[in-house]
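Residue numbering for the sequence shown follows my numbering, starting at 65 and increasing by one per position.
Even for Gly, the Cβ is constructed at its ideal location relative to N, Cα and C.
The structure presented is a predicted model; accordingly, all values stated were derived computationally and were not measured.
So the structure is just underneath, and the comments pick up after that.
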Amino acid sequence: METQLKGRDFITLQEWTKDEIDTLLDVSFDLKRKFAMGEPTPYLRDKTAFLMFFEQSTRTRNSMEAGLAQLGGHANFLDTSTMQVSHGEVAKDTGVILGSYGHAIACRNCVWEIGNKYLRSLANHAKVPVMNLQCDLYHPMQGIADLMTIKEKKKRTDNLKVSIIWAYATSHKKPISVPLTQALLFPRYGMDVTLAYPEGYEMPEWVIEQARENAEKNNGTFKITHDQDEAYREADIVIPKNWGSWVTNQDDAVIDDLLESNKHWKCTEERMAMADADVMYMHALPADRGNEVEDSVIDGEHSIVFTEAENRLHTAKAVMTLTMGGK
């Protein structure tokens, strides 16, 4: 494993080696055990991180705030609507200043074709680690928690059949960052990944090329289908989740004709029955209950969403420990 991670930015897992990701996982499991035993972990005593949010958050904000407190530090929550960002202050100025006040900057900015560029600008100018709390392209905090959960529940990843499936939802036009991150990450661990979606909900072409390359290098597979039933058949893990048609349509309207024509893309008990007998259902949450998934599935015996959500705490703590403290 690679252990020298102090000062590293955490913007996409694609920029971290497998050895580095394995270190993250090892530390995550160690922190989870210590949390269960009530063992103190004051690895970041007197350290401060600034958490900038352009969008709403439940798991990400609270896993970071609680996590840093449990590590002995303090997280400053920053609603960007109350910052000078809202008056036009550029990322460079914000990054330089906040970086001089503390030990890390973390940011969520999911605005299409703006979010990732904003984080890159912060990282280019701040002299502290910058962590991605979700942007328009990536959600590495969710990705590492998902990987931890899969390893925890399935023990193995080689040739594990994992299906990332688009699902109908009306709550808001969601970023593509969660399925994109999973599509890039899972093939690196030898999984047989299926990406399923109705036409019109494509990922960027560079994502597909990279996912296929990751699969080829790591003895996994990656395929695309527009048949959701095919994705469910004999799957070990299913991840039915909505994402917006940002690649083909940049309009921010939540409900349109394309969305409404695909109401049948829903995780049901009948579709779960097509999968492996020990199939597990995952979702980054919040799920659009009744649209993306039936309550009987998300609350059923195959669902591991709450373990997945809890692991957001332990993996966030690992990211902060290694990049803000560490060797």
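Compute the distance between the beta-carbons of residue i and residue j, then report whether it is under 8 angstroms.
i, j, result
"Pro350", "Val311", "no"
"Leu69", "Thr387", "yes"
"Cys171", "Val149", "no"
"Asp73", "Ala209", "no"
"Ala260", "Thr289", "yes"
"Gly152", "Ala190", "no"
"Asn180", "Leu201", "yes"
"Cys331", "Val357", "yes"
"Cys174", "Glu119", "yes"
"Ala279", "Pro251", "yes"
"Met147", "Ala380", "no"
"Ser92", "Met212", "yes"
"Ile228", "Ile161", "no"
"Phe114", "Asn140", "yes"
For the beta strand (DSSP E) that residue i lies in, which residues bound it at each end?
i, result
"Lys287", "285-289"
Bridge partners of residue i, per DSSP?
i, result
"Asn173", "Cys199"
"Met392", "The structure shown has nothing for residue 392, since the chain only spans 65 to 391."
"Ser227", "Thr258, Val302"
"Arg353", "Val357"
"Met344", "Ile301"
"Val194", "Ile169"
Assuming the contact rule is C-beta atoms closer than 8 angstroms, residue i and residue j should be a hit. Round their C-beta distance to whole Å, please.
i, j, result
"Trp80", "Ala231", "The Cβ separation is near 28 angstroms, so there is no contact."
"Ile301", "Leu224", "7 angstroms"
"Gly354", "Tyr107", "At roughly 42 angstroms, the Cβ-Cβ gap does not stay under 8 angstroms, so Gly354 and Tyr107 are not in contact."
"His138", "Thr112", "5 angstroms"
"Val226", "Leu244", "Contact flag wrong, Cβ pair sits at about 15 angstroms."
"Val318", "Lys237", "5 angstroms"
"Gly402", "Gln246", "Residue 402 lies beyond the range of the chain shown here (65 to 391); nothing can be said about it."
"Thr385", "Leu135", "6 angstroms"
"Asp352", "Asn283", "Not confirmed; about 35 angstroms, so no contact."
"Thr105", "Lys391", "Actually they are not in contact, since the Cβ atoms of Thr105 and Lys391 sit about 16 angstroms apart, beyond 8 angstroms."
Pull up the distance between the alpha-carbon of residue i and that of residue j, whole angstroms please.
i, j, result
"Met23", "Glu365", "Absent from the structure is residue 23, since the part of the chain shown begins at 65 and ends at 391."
"Thr234", "Asp359", "16 angstroms"
"Met344", "Gly166", "40 angstroms"
"Asp340", "Glu298", "4 angstroms"
"Lys96", "His378", "6 angstroms"
"Ser185", "Ala275", "26 angstroms"
"Val116", "Val257", "The displayed chain sequence assigns Met, not Val, to residue 116. Near 33 angstroms, if we compare the C-alpha coordinates of Val257 and Met116."
"Arg176", "Asp157", "Going by the sequence as given, residue 176 is Trp instead of Arg. Whole-angstrom Cα-Cα distance: 22 angstroms."
"Ala168", "Pro204", "16 angstroms"
"Ala373", "Ala348", "7 angstroms"
"Gln292", "Ile362", "18 angstroms"
"Glu103", "Asp94", "11 angstroms"
"Lys305", "Glu263", "15 angstroms"
"Arg335", "Lys327", "15 angstroms"
"Lys281", "Lys82", "12 angstroms"
"Val383", "Asp315", "34 angstroms"
"Ala155", "Glu333", "46 angstroms"
"Ile214", "Gly71", "28 angstroms"
"Leu323", "Asp86", "38 angstroms"
"Gly131", "Asp143", "19 angstroms"
"Pro239", "Met65", "32 angstroms"
"Glu216", "Leu77", "19 angstroms"
"Arg220", "Asp320", "40 angstroms"
"Ser145", "Asp342", "45 angstroms"
"Ser367", "Asn375", "15 angstroms"
"Arg125", "Ala133", "12 angstroms"
"Asp110", "Gly159", "20 angstroms"
Taking the continuous alpha helix (DSSP H) assigned at residue i, which residues delimit it?
i, result
"Phe93", "82-101"
"Ile362", "359-362"
"Gly163", "155-165"
"Phe250", "Taken as a continuous stretch (DSSP letters only), Phe250 belongs to no alpha helix (DSSP H), as it is neither H nor E."
"Lys217", "204-218"
"Val383", "369-384"
"Lys181", "179-189"
"Leu322", "321-324"
"Thr124", "123-134"
"Trp270", "269-281"
"Tyr107", "Looking at the DSSP string, Tyr107 is not in any alpha helix (DSSP H), and its letter there is neither H nor E."
"Asp293", "292-296"
"Phe333", "The sequence as given places Glu at residue 333; Phe does not occur at that position. That run of the alpha helix (DSSP H) goes 333-336."
Counting only C-beta atoms, is residue i closer than 8 angstroms to chain D at any point?
i, result
"Leu115", "In the structure shown, chain D cannot be found, because there is only a single protein chain."
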